[in-house]
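In the numbering used here, the protein residues as written are -19 to 302.
By construction, the Cβ of each residue, glycine as well, lies at the ideal position given by its N, Cα and C atoms.
Structure, as structure tokens:
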């Protein structure tokens, strides 16, 4: 049976919606801790657990840590970046690690690549504009910025994970086995060895160390958002299939995520391409699929889960044909 994960957020904060999602086939949910903490989410987690109990489901609660991810600092208002605009680096809401790493000629992708900037001689030029919000992702193309595997906030959340019924930890931007070993050691320190560790493959460094990451992880996450910033988009499907094949060869489960039903953020039915994407992920061997904004901020969270369940079931039925 394929595990089906949604993401907690404003669109599914109430018990009734969450219960319907569980009744529609949802196994569990992701809580993104890039913007909040476990203790801050106590009420939401309680609602999630009550809804699961009412639906007769033992839920999986996945926490997505901050990890070695670079994000825009907190800004008071959305920042509108016009194509061709020139801005000084000084004062732009980058963390200090980004400012220190930038060199002339670097391209910077923001918000999963939706926005793009070029850097030269202390100045940023907007290549692809849009509206920038706080805490959006940052990627310097073809460059790795040294960061610790766990932030202090991550360690606090891991220390509370057992208390809040967390069943799995998603470690972002895994660079090698050492990152996963760091998370596992922290969980052991806090008496939470039972919690599964999901390794998110999101960059070339993770790809180049995939075999060693597979050996120490409980599940591999093919996280196509940031991974699609680090490899050409036209090559991403092939990269996904390669990761899938390598996981299957080592008998390690894998999860596929990002934009699986993104059109359903605004529409009650999916596109044909989205359904095909889910179906193909399952037939390639995925043990789990996940949606993010589709349930967190979308207009049809319960319908999204229903589409996931029906499509994964159809794929499993197709695979079981004589």
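Practice task
Check whether the Cβ atoms of residue 69 and residue 106 sit closer than 9 Å, and answer yes or no.
Solution key: no
Handout entry: Identity of the residues DSSP links to residue 83 by a beta bridge
Key = DSSP output for residue 83 lists no bridge partner at all.
Exercise for the section: Going by DSSP, name the residue or residues bridged to residue 178. Expected result: 150, 199
Exercise for the section: With residue 134 as the anchor, note down where its beta strand (DSSP E) starts and where it stops. Expected result: Note, residue 134: premise wrong, no beta strand (DSSP E); alpha helix (DSSP H) at 132 to 140.
Practice task
Taking the CB atoms as reference points, tell me whether residue 225 and residue -18 lie closer together than 9 Å.
Solution key: no
Exercise for the section: Identify the continuous beta strand (DSSP E) that holds residue 112 and give its terminal residues. Expected result: It spans 110 to 112 - the beta strand (DSSP E) in which residue 112 sits, taken as one unbroken run.
Practice task
Write down the C-beta distance between residue 118 and residue 88 rounded to the nearest angstrom, noting that I regard them as a contact closer than 8 Å.
Solution key: The beta carbons of residue 118 and residue 88 sit about 6 Å from each other, so the pair counts as a contact at 8 Å.
Practice task
Compute the Euclidean distance between the alpha carbons of residue 240 and residue 248, then round it to the nearest angstrom.
Solution key: 14 Å
Handout entry: 9 Å Cβ cutoff met for residue 211 and residue 201
Key = Taking a C-beta distance under 9 Å as the contact criterion, residue 211 and residue 201 do not qualify as a contact pair.
Problem - Rounded distance between the beta-carbons of residue 141 and residue 43, thought under 8 Å - result: A Cβ-Cβ distance of about 7 Å is found for the pair residue 43 and residue 141, placing them in contact under the 8 Å criterion.
Handout entry: First and last residue of the uninterrupted beta strand (DSSP E) at residue 10
Key = 8 to 12
Practice task
Grab me the residues of residue -9's own chain with a C-beta within less than 8 Å of its C-beta, minus the 5 sequence neighbours each way, in chain order.
Solution key: -3, 275, 276, 277, 278, 279, 281
Handout entry: Span separating the alpha-carbon of residue 243 from that of residue 252
Key = 11 Å
Practice task
Helix, strand or coil for residue 26, going by three-state DSSP, please let me know.
Solution key: helix
Handout entry: Length of the line joining the Cα atoms of residue 263 and residue 285
Key = Each residue's Cα considered, the two are about 19 Å apart.
Handout entry: Close-in-space but distant-in-sequence residues of the same chain around residue 268 (CB under 8 Å, 5 per side omitted)
Key = Closer than 8 Å at Cβ, skipping near neighbours: -18, -17, -16, -15, 7, 199, 233, 234, 235, 236.
Problem - residue 190 versus residue 10 - alpha carbon distance - result: 23 Å
Practice task
Compute the Euclidean distance between the alpha carbons of residue 131 and residue 47, then round it to the nearest angstrom.
Solution key: Using only the alpha carbons, I get a separation of about 6 Å.
Exercise for the section: Would you mind working out which of 14, 217, -1 sits nearest residue 115, comparing C-alpha positions? Expected result: 14
Problem - For residue 259, three-class secondary structure by DSSP - result: helix
Handout entry: Touch test, the stretch 171 to 185 against the stretch 142 to 157, Cβ-Cβ under 8 Å, three pairs minimum
Key = yes
Problem - Endpoints, the beta strand (DSSP E) within which residue 270 is located - result: 268 to 270
Practice task
Check residue 76 in the structure and name its three-state DSSP category.
Solution key: helix
Problem - In chain order, each alpha helix (DSSP H) run of at least 4 residues that lies wholly inside the stretch 89 to 128 - result: none
Handout entry: Delimiting residues of the beta strand (DSSP E) encompassing residue 20
Key = Where residue 20 is concerned, there is no enclosing beta strand (DSSP E), given that its DSSP letter is neither H nor E.
Problem - Identity of the residues DSSP links to residue -14 by a beta bridge - result: 9
Handout entry: Own chain residues within Cβ distance below 6 Å of residue 291, not counting five before or after
Key = 255, 258, 259
Handout entry: Among 49, -1, -7, nearest to residue 23 - alpha-carbon criterion
Key = -7
Practice task
Grab the span of the alpha helix (DSSP H) containing residue -2 for me, first residue to last.
Solution key: -5 to 3
Problem - Buried/exposed call for residue 38, threshold 16 Cβ in 10 Å - result: exposed
Problem - Cα-Cα separation between residue 92 and residue 125, rounded to whole angstroms - result: 17 Å
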